[in-house]
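Protein chains: 2
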Amino acid sequence: MSGTGRAGRPKASSRETLAEAACELFLERGYEATSVADITQRAGVSRSSFFNYFSSKSDVLWSGLDARLAQASEQLSALGTSADAAAVDAVLRGILADFAPDPLALAMRNRAAMGLDDELARDSAVRHARLAAAVSHAAMRAGLTPIRADVLGAARAAAVMSSLRVWAEQGAGSSDPEDVLSVALDAVDDLRWR
Amino acid sequence: MSGTGRAGRPKASSRETLAEAACELFLERGYEATSVADITQRAGVSRSSFFNYFSSKSDVLWSGLDARLAQASEQLSALGTSADAAAVDAVLRGILADFAPDPLALAMRNRAAMGLDDELARDSAVRHARLAAAVSHAAMRAGLTPIRADVLGAARAAAVMSSLRVWAEQGAGSSDPEDVLSVALDAVDDLRWR
DNA sequence: TCGGATAGATGGATCGGGTCTAACAATACT
DNA sequence: AGTATTGTTAGACCCGATCCATCTATCCGA
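Just so you know, the sequences run in chain order A and B.
Sequential numbering of the first sequence, starting at 581, is according to our numbering.
Sequential numbering of the second sequence, starting at 581, is according to our numbering.
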C-alpha cells in the first residue's frame, strides 16, 4: 500500500486538536490564565510541538482570518493601477465570504468569559492596520494622496473588522457576515456625521 | 528649612534620563536588540527601576502620545449626546496641538535604523484602535449605528495617526502637526474614492 | 528485509519582557 | 534620635518564544 501519504513520520497531533484544547481551556480558565504548556498538556503533546502548528498563542484564534487577509492583500496588490472602489470592495467581501464559525468567532462571542477584552482589542487593531495598509496602498497606486489613502483604507478596514465583530457577537452562523459587510461598506460611501 | 520637597528619598533617576539612554541605544543597536537591562545599565540604575518609570519597554516611545490620547478620550466622553463632527474634530486637533518632537517622533523618523517597522506598526495600530473606539463611542451616543460609528471613528483616528506619522517623517519641528491634520480631516469629510 | 531519506516529535537550554516582594537607603518632619 | 514616607534594588518567578540536537516513525527503493 503506497501513496497513502508522503514520506516521514505521520503527524501525531493536528491544528484542530490543539485548537480545540486551547478553546476549551480559554473558556474554562480564561485566555491569560491558560499557558501554552496547559494547551499542549491537554492535547497530549509536548510544548515544543505547539509552535510547529501555531506561530504564537494568539495564532490559535487568528490563523483563519489571517489567511484570508493575506489572500486579500495579494488580490489588492494584483489590482494594479486600475483599482477602483468597486474592485476593492469585491476583494473585501471575499474576506468574509463563507466565513464559518471558528476559534476567532468563538472568542469574540465569549470575550468577557475568556477575559479577552484587552488581547482581542490589541490583536484586532493589528489586523485592522494590516488590511487598512493594503487598501491604502491600492488607493495610492490609483493616484490618491497618502493621507487620503490612509483614511480611506482605515474606513474600509473598519467596515470589515466591525462587520466581523458584529456577526460573531450575534452568534456566528445565524447570518452571513458578508451581508453585514454590505451595510458597512454603504456607510463608508456615505460617511457623514448623522 | 521646610517645604523644599516632600518627605521620602529623592528620585535618583528620571523618565528623561531613561528615555535618553533608551533612544541612544535604539539608534545604536536597534529596538529589538536593546534589552531593558541595557537601558538601565546605561542610565546607571537597576533594571527594577525601569518599571517604576515606564510600564513597558515600548512605553518609552509612546507615553507622550498616550497621555494626550487619554485626555482626548475623556474630552470625547464629556461631549455627551451633543457630539457633532465639529466638536469631535476640535478634540482631535488638541491631540496634536503643540506636539513637540519626542521619542515617538524620533522613532518614526528613524524607524528603519531602529528596526522598528514591525513594532511601530503594531503599536500604532493599538493607538489607532483606542482613538477610533473613543470617537466611535461619541458617535454612538450621538445616535449613529454601531457600524457607522466604527467606520467614522476609524477614519478620523486614521487622520490623526497618519498626520502624526507624516509630520514625524518630514522631520518633526519644521511644520505643525495640527496643520497636517486639518488637511487629513478634510479628506474624511469628503471620503470619495479619488 | 534492510537501510537510507524524509517529516515529525521532543526535551532542554536560552532569552527577554514583565510582575512581585522583601529588604534597604535617603530624605522630611517632630 | 526616631519615624513615616518615598524611592531603589536584588532576586525570584512566570510566560511566550526561539533554537537545537536528538529521537521516532513512516515510506520507498535496492
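Glycine is no exception: its CB is placed at the ideal position from the N, C-alpha and C atoms.
Do residue j and residue i have their beta-carbon atoms positioned less than 7 Å apart in this structure?
i: MET741(B); j: SER716(B); result: no
i: ALA735(B); j: VAL746(A); result: no
i: ALA713(B); j: ALA663(B); result: no
i: ALA652(A); j: VAL671(A); result: yes
i: ALA601(B); j: ALA623(B); result: yes
i: ALA739(A); j: LEU765(A); result: yes
i: ARG689(B); j: GLU749(B); result: yes
i: GLY695(A); j: GLU608(A); result: no
i: PHE634(B); j: VAL640(B); result: yes
i: LEU761(B); j: LEU676(B); result: yes
i: HIS708(A); j: ALA737(A); result: yes
i: LEU649(A); j: LEU744(A); result: no
i: CYS603(A); j: LEU659(A); result: no
Under 7 Å Cβ to Cβ from residue i, same chain only, skipping five residues before and after it: list those, please.
i: VAL625(A); result: ALA592 and SER593
i: PRO726(B); result: MET720
i: ARG627(B); result: VAL616, ALA617 and THR620
i: SER629(B); result: SER593 and THR620
i: ASP697(A); result: ARG691
i: ALA733(A); result: Reading off the sequence, residue 733(A) comes out as Gly, not Ala. Here the set comprises ALA712, ALA713, VAL715, SER716 and ALA719.
Below 8 Å CB to CB, which residues in the same chain sit around residue i once its five sequence neighbours on both sides are set aside?
i: ARG772(A); result: none
i: SER755(B); result: TRP747
i: ALA767(B); result: ALA739
i: SER638(B); result: GLU699 and ASP703
i: LEU656(A); result: ALA663, VAL668, VAL671, ALA714, VAL715, HIS717 and ALA718
i: ARG589(A); result: none
i: ALA769(B); result: Strictly speaking, residue 769(B) in this sequence is Asp, with Ala absent from that position. Hits under 8 Å: ALA665.
Using alpha carbons as the reference points, say which of the options lies closest to residue i.
i: GLY674(B); options: LEU711(B), GLU758(B) and ARG589(B); result: GLU758(B)
i: ASP646(A); options: PRO683(A), GLU608(A) and ASP618(A); result: PRO683(A)
i: ARG691(A); options: LEU605(A), GLY610(A) and GLU604(A); result: GLY610(A)
i: THR614(A); options: ARG728(A), ALA693(A), GLY751(A) and ASP769(A); result: ALA693(A)
i: TRP642(A); options: THR661(A), GLU654(A), VAL706(A) and ASP769(A); result: VAL706(A)
i: THR661(B); options: GLY644(B), LEU724(B) and SER636(B); result: LEU724(B)
Starting from residue i, follow the alpha helix (DSSP H) in both directions and report where the run begins and ends.
i: ASP697(B); result: 697 to 721
i: LEU684(B); result: 683 to 689
i: ALA658(B); result: 639 to 658
i: GLU758(B); result: 757 to 769
i: GLN621(A); result: 616 to 623
i: TYR633(A); result: 627 to 633
i: LEU744(A); result: 726 to 749
i: GLY674(B); result: 665 to 676
i: THR597(A); result: 595 to 609
Leaving out the 5 sequence neighbours to the left and right, which residues in its chain are closer than 6 Å to residue i when beta-carbon positions are compared?
i: ALA599(B); result: VAL640 and PRO683
i: PHE679(B); result: PRO757
i: VAL763(B); result: none
i: ALA729(A); result: SER716, ALA719 and MET720
Would you check whether the ligand SAH has a heavy atom nearer than 6 Å to the C-beta of residue i?
i: LEU645(B); result: Absence of the ligand SAH from the depicted structure is noted, as is the absence of any ligand whatsoever, leaving it without description.
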